[in-house]
Amino acid sequence: PKPAPGGGGGGAISFTAAASVEPFPRAPRLQLDSAVSAFRFIDSQLAFTERHARLLLRMLRLDAPQDRRKWFQDVCGCRRRPQNKLINIKRGGIATAVNVEDEYHLLVQAATLWRVGREMSHRQLGTHDLYHAFNGKRDGYLTCGELAAGLAWLGVKVSEDDLHAFLRGLDSNADGLLTLDEWAAGFPLLAESEPATHEALATLSLKPKQVRELFEGATAKKKEFAPVPPDRLPPVQVQI
1173 PKPAPGGGGG GAISFTAAAS VEPFPRAPRL QLDSAVSAFR FIDSQLAFTE
1223 RHARLLLRML RLDAPQDRRK WFQDVCGCRR RPQNKLINIK RGGIATAVNV
1273 EDEYHLLVQA ATLWRVGREM SHRQLGTHDL YHAFNGKRDG YLTCGELAAG
1323 LAWLGVKVSE DDLHAFLRGL DSNADGLLTL DEWAAGFPLL AESEPATHEA
1373 LATLSLKPKQ VRELFEGATA KKKEFAPVPP DRLPPVQVQI
């Protein structure tokens, strides 16, 4: 740049020569999308595509999930944004960025899902048939212990952390349990039932594994009731 005419050398600067300078190269798509995701996170935005959420997770992976959530909620409070909306988003989008530890857990979930689907296809196991076989209580809510026993029966070996990552990937409402619809949604290309194995799965009985559960109240200690003393029973009269 050169001094503007009549400025005596100490006036305004003319930037007309900047037109001859090479334009700044456009950032690669990955870098640009990462920057946009970071700025939207700082701006307390909640709507993230799965791709942008994973890019954000890559940038935040050095901070613990609880620290990310606290920072985000604190910033929302300073900006007078609703803070409870983050709690209501259980899965996908911003929830991926603030709840998942790192990208490895997403990779584990995808790899386990592929392995289970491959075993089911190879052994001709229907998604609904297998779910009912795993769900030993027949209550429509598959626990981590039941899922661990089922995966072991399939020959899919996973650690407790990987088991939790797999379940969270299918658990659409984040209640720590898998319904039939949530389980079947993970294997959309497989049949619900296979005649060749339907009867065998109907009689399958698996003992749940001893693993940490994720559903609310799983770690709560059950209330123990003291037995009624025998000397209190005679005065009780029952009319039929």
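In our numbering, the protein residues as written are 1173 to 1412.
Glycine residues also receive a C-beta, built at the ideal position from the N, C-alpha and C atoms.
Computed from a predicted model, the values in this text were never measured in an experiment.
Span of the alpha helix (DSSP H) holding residue i?
i, result
"G1341", "1332–1342"
"P1237", "1237–1250"
"E1371", "1370–1374"
"D1353", "1352–1357"
"R1233", "Neither: R1233 is in no alpha helix (DSSP H) and is coded neither H nor E."
"T1203", "Reading off the sequence, residue 1203 comes out as Gln, not Thr. Taken as a continuous stretch (DSSP letters only), the alpha helix (DSSP H) holding Q1203 covers 1201–1214."
How would you call residue i, buried or exposed, if buried means at least 16 neighbouring beta carbons within 10 angstroms?
i, result
"E1332", "exposed"
"R1198", "exposed"
"D1343", "buried"
"R1201", "exposed"
"W1286", "exposed"
"L1279", "exposed"
With distances taken Cα to Cα, identify the nearest neighbour of residue i among the options.
i, options, result
"L1373", "M1292, S1209, L1342, D1334", "M1292"
"F1306", "E1318, P1360, R1295, G1348", "E1318"
"G1140", "C1248, L1352, M1231", "Past the edges of the chain, shown from 1173 to 1412, lies residue 1140, and the structure says nothing about it."
"P1367", "A1320, D1274, R1295, R1212", "R1295"
"H1300", "T1284, E1275, D1239, H1370", "H1370"
"P1237", "D1403, V1270, H1304, K1381", "V1270"
"K1242", "S1216, K1329, A1356", "S1216"
"C1316", "Q1382, E1222, E1194", "Q1382"
"Q1245", "Q1411, L1229, I1266", "I1266"
How close, in whole Å, do the beta carbons of residue i and residue j come, if the pair is a contact with beta carbons under 8 angstroms?
i, j, result
"G1298", "L1378", "Contact flag wrong, Cβ pair sits at about 17 angstroms."
"R1226", "T1284", "Contact flag wrong, Cβ pair sits at about 18 angstroms."
"L1386", "L1339", "7 angstroms"
Review point. Of all the alpha helix (DSSP H) runs that stay within the bounds of the stretch 1264–1334, which reach a length of 4 or more residues?
Key: 1266–1271, 1275–1294, 1299–1306, 1316–1326
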